[in-house]
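Heads up, my numbering is the position in the sequence shown plus 698, with the first residue counted as 1. From the three backbone atoms N, C-alpha and C, an ideal C-beta is built for every residue, glycine too. Since the structure is predicted, the reported quantities are computational estimates derived from the model, not experimental observations. Scroll down for the structure; my scribbles are underneath it.
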Amino acid sequence: MAKKAVSTKKEKTTSTEQETSKNESQEVAVTPTFNKVEPFSLLTDYDISLFRSGKHYRLYEKLGSHVVQNQGVTGTLFAVWAPNAKYVSVIGTFNGWNRGEHPLNPRWDGSGIWEGWIPNIGNGEVYKYFIASNTGADIEKGDPYALRWEHPPKTASIVWDTWYEWKDQDWMKTRRAANNLNAPQSVYELHFGSWKRDPSNPERCLSYGEVADTLVPYVKEMGFTHVEFMPIMEHPYEPSWGYQITGYFAASSRFGTPQEFMYLIEQLHINGIGVILDWVPSHYPGDAHGLFQFDGTALYEHQDPREGYHPDWKSYIFNYGRYEVRSFLISNAIFWLDRFHADGLRVDAVASMLYRDYSRNAGEWVPNVFGGRENLEVISLFKELNEEIYRSFPDTQTIAEESTAFPGVSRPVYTGGLGFGMKWMMGWMNDTLRYFSKDPMYRKWHQNDVTFSLVYAFSENFMLPFSHDEVVYGKGSLIEKMPGDEWRKFANLRLMYTYMFTHPGTKLLFMGGEFAQFAEWNFEKSLDWHLLGNQPNKGMAECVKGLNNLYRSEGALFDKQFSPDGFEWIDTSDRENAVIVYARKGFNEKENLLVVLNFTPVPRSNYRIGIPAAGTYVEVFNSDKQEYWGSGTLNGEVHTQAIASHGKENSIELTLPPLGAIVFKLK
């Protein structure tokens, strides 16, 4: 999971505070001098029943701010959950931030919802809720359901909508095939603010529209099937990378409007590229305008810090057992699939949610009702969440970032699993990076690092990640993890990528890794795009492009990527030469692939390998191609010989390139 930075600074002045700064020393009355708010509601008794039982999955249609007509007049309905408030009003630019001018009405049903309709205001109005709490606190809060927020460091919400005339109907009708578990899924993970910046002004982030103009053709050319955006939801503190969210229902205003983000998604879809969004239900920051102590009490979080405070990230944990909070979270996940046509959600920090003792010492956590460490409320939430997502959006995927051996993360709920579509294979990532960081002369004693993953590879539906977490905080870039001189570093990285793309499971690569950026990732800077002018980096990009094309075109690499039937070891015994050989199998046996990996810089001639079927084999991929900045040690076509090897009746003789990977297919 991401090691998210948290703010230690005092929150900057809010829009409300800026507007009322002249009157800071004056007491602001909360008793309305006159009422400009009319009774109005979008909520039915059934809505309230669902909300209070944790079963309302479309709350964004009812709560928040909505421009609606009332008796022929256009205005805005405001509805907010604040059960421990004694007074709630809407303050904003339209009333001079006057706390007493537009009070909301508490509902009569005990739901804790305050609502009211204000005439003659609409999209673009800046507002907050003033809440006088039963605790005696006077608070100004942004709208938890706001669809747009001010550009940070300003902190107010903005009345907006999510209407958009989508033009991605062809993708939406056929995307089930692209998002299927038996489809190739090669994900390009990126951080929006640092993927590319304005070349004429490196301090300026590009807008959603500007990124669309360059990202879409780039991802398409590179052959990735999906893009994954690190959290795009509104957040106040940029060093959190988006993982400390205050506006769960709003795309960050740093880059434009919600509709402009929709345009970017639409353009990706039109070009056959799926979109996965990072989603963070694990914690949120304590900023004054956010969810923390929303109505003066621990409303969204637990009161007990042993359950409600995250020691690692200095943030606050949702109260997963509170029904209204469950409705909020499930509604939020559904919102991005519904209104923004997202093709999947990657759920952050799942392990931190599943265990009550996560990152806590003895005495710092509260056991569940059975005395155990598992968070039973979270387990039931995930099951309910995934059931609703796959019921309403069966052509999407949910992906868990889960770093433990918790059973059944990506297994159906009806079999006892959590119901996710996929799970990040964190163990594989750690083992692989540890192995490849070793000098090749020592690798023969560590072959288990690259073979062990197949012991458990099919216990879950695994996605193989080389994510942003591996290239920050002094860990260095992927290319700098590789040992040796420049040529060996690049050869090692090409070999590692080939191992990933031919290993069972879907794939994820963080931006910059595709062209071997030397510097580790810096969220405040653009990627070093100028490196593509260097032949080694250009060759790396061509290699990744070739691997994506191989993965997408060869059914043996994805037909059975989550099944043991799709993999066969041919040889793992040649530890002395650090060579492993395996076969990948698809629905068509004639299209099975043979993969040979040489983890040393020594080329090996006349290397004999047993082969399942006799015939002529064609080299369909070689990481040592000169266009990849390799040495050009190729095989072309090879013919089997009736010489037994590796338990097979027939075999072939190959030349293994140094620090190279080769893939063969029966002609």
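Pick from the options that is closest to residue i, judged by C-alpha positions
i	options	result
Pro1138	Asn796, Gly1358 and Asp911	Gly1358
Pro1163	Leu1131, Lys1187 and Pro1181	Leu1131
Asp1269	Ile856, Gly891, Lys839 and Ile1309	Ile1309
Tyr1326	Ala1214, His1337 and Trp1227	Ala1214
His924	Thr955, Trp939, Phe890 and Gly972	Gly972
Glu1062	Ser1090, Gly1006 and Glu1075	Gly1006
Gln883	Ile943, Gly970 and Trp779	Gly970
Arg1250	Gly1210, Asn796, Ser763 and Lys918	Lys918
Gly1313	Val1300, Ala1340, Pro1181 and Leu802	Ala1340
Phe1265	Val1293, Asn1247, Val1242 and Asp1272	Val1293
Pro1355	Ala1189, Leu989, Ala1239 and Trp939	Ala1189
Val1316	Glu1351, Ser1343, Gly1328 and Ala1342	Glu1351
Asp976	Glu1085, Ser763, Thr1331 and Glu932	Glu932
Glu799	Pro842, Leu748, Glu736 and Lys753	Glu736
Ile856	Phe1156, Leu1245 and Ala948	Ala948
Val1023	Leu1083, Phe1104 and Leu1229	Leu1083
Tyr1171	Asn1146, Ala1217, Ile789 and Ser1057	Ala1217
Val1045	Arg1141, Ala1311, Ile1360 and Met1161	Met1161
Asp1272	Pro851, Ile829 and Lys1142	Lys1142
Beta-bridge partners of residue i, as assigned by DSSP
i	result
Asp1339	The residue asked about is misnamed: residue 1339 is Gln in this sequence, not Asp. Partner(s): Ser1349.
Pro817	Gly773
Cys903	Arg895
Thr1096	Leu1043
Asp976	Arg1044
Gln767	Thr772
Val1361	Val1293 and Phe1319
Nearest-angstrom Cα separation, counted from residue j out to residue i
i	j	result
Trp861	Arg756	16 Å
Lys1121	Thr791	46 Å
Gln1285	Pro1234	Checking the sequence, you will find Phe at residue 1285 rather than Gln. Each residue's alpha carbon lies about 37 Å from the other.
Phe1134	Gly1125	14 Å
Ser1303	Asn1320	15 Å
Lys1363	Phe1297	21 Å
Asn1066	Thr1196	44 Å
Arg902	Ile930	17 Å
Glu725	Ser831	The pLDDT assigned to Glu725 is 39, lower than 50, so where the model puts this residue is not dependable, and the model offers no usable value.
Ser1165	Ser950	22 Å
Leu888	Ile943	18 Å
Asn1159	Ile1278	23 Å
Lys1283	Val1300	29 Å
Ala1047	Val978	8 Å
Glu1347	Glu1289	19 Å
Val1148	Asp1129	7 Å
Asp1055	Val1076	13 Å
Lys1223	Thr853	24 Å
Asp896	Leu904	6 Å
Ala727	Val786	Confidence is the limiting factor: at Ala727 the pLDDT is only 44, short of 50, which leaves the residue's position unreliable, though a coordinate-based value still follows. Cα to Cα, Ala727 sits roughly 12 Å from Val786.
Asp866	Gln957	14 Å
Thr1353	Leu1332	7 Å
Asp841	Leu740	17 Å
Ser1157	Val1107	10 Å
Phe828	Arg797	6 Å
Glu717	Ala835	For Glu717, the pLDDT reaches just 37, beneath the cut-off of 50, and the residue's location in the model is therefore unreliable, although a value from the coordinates is still provided. If I take the Cα positions, the gap works out to 21 Å.
Thr833	Pro1003	19 Å
Phe922	Phe776	42 Å
His1008	Tyr843	23 Å
Ser1343	Phe890	51 Å
Leu1230	Ala1060	51 Å
Ile819	Leu802	15 Å
Arg952	Leu1245	34 Å
Val1382	Val788	Here the chain covers residues 699 to 1365 and nothing more, so residue 1382 does not appear.
Whole-number beta carbon distance between residue j and residue i, since they are thought to touch under 8 Å
i	j	result
Arg1037	Tyr1053	With a Cβ gap of about 32 Å, Arg1037 and Tyr1053 do not count as contacting.
Gly773	Ile746	Actually they do not touch by this definition, with Cβ atoms about 23 Å apart.
Arg846	Ser809	The pair is not a contact, with the Cβ atoms about 26 Å apart (cut-off 8 Å).
Ser1029	Tyr758	6 Å
Ser892	Asn1232	Actually they are not in contact, since the Cβ atoms of Ser892 and Asn1232 sit about 21 Å apart, beyond 8 Å.
Tyr961	Tyr906	7 Å
Met920	Val1242	6 Å
Ile1087	Leu1035	7 Å
Residue i at chain C interface by Cβ criterion, 8 Å
i	result
Ile819	In the structure shown, chain C cannot be found, because there is only a single protein chain.
Proximity test, residue i beta-carbon vs the ligand NAD heavy atom, cut-off 7 Å
i	result
Gly790	Questions concerning the ligand NAD fall outside what the structure shown contains, since it holds no ligand whatsoever.
Is there contact here, the stretch 907-916 with the stretch 994-1011, by at least three beta-carbon pairs under 8 Å? Counting C-beta pairs closer than 8 Å gives fewer than three between the stretch 907-916 and the stretch 994-1011, which falls short of the contact rule.
Within the chosen definition, does the stretch 1023-1041 reach the stretch 1085-1098 through at least 3 CB pairs nearer than 8 Å? Judged by Cβ distances under 8 Å, the stretch 1023-1041 makes contact with the stretch 1085-1098, as three or more pairs qualify.
So, does the stretch 860-877 touch the stretch 1188-1202, judging by three or more C-beta pairs under 8 Å? Segments in contact, no.
Is the stretch 1253-1261 touching the stretch 1330-1343 in the sense that three or more CB pairs, one from each, lie closer than 8 Å? Judged by Cβ distances under 8 Å, the stretch 1330-1343 makes no contact with the stretch 1253-1261, as fewer than three pairs qualify.
Between the stretch 977-995 and the stretch 1008-1016, are three or more C-beta pairs nearer than 8 Å? Touching, yes, given that three or more Cβ pairs across the two stretches are closer than 8 Å.
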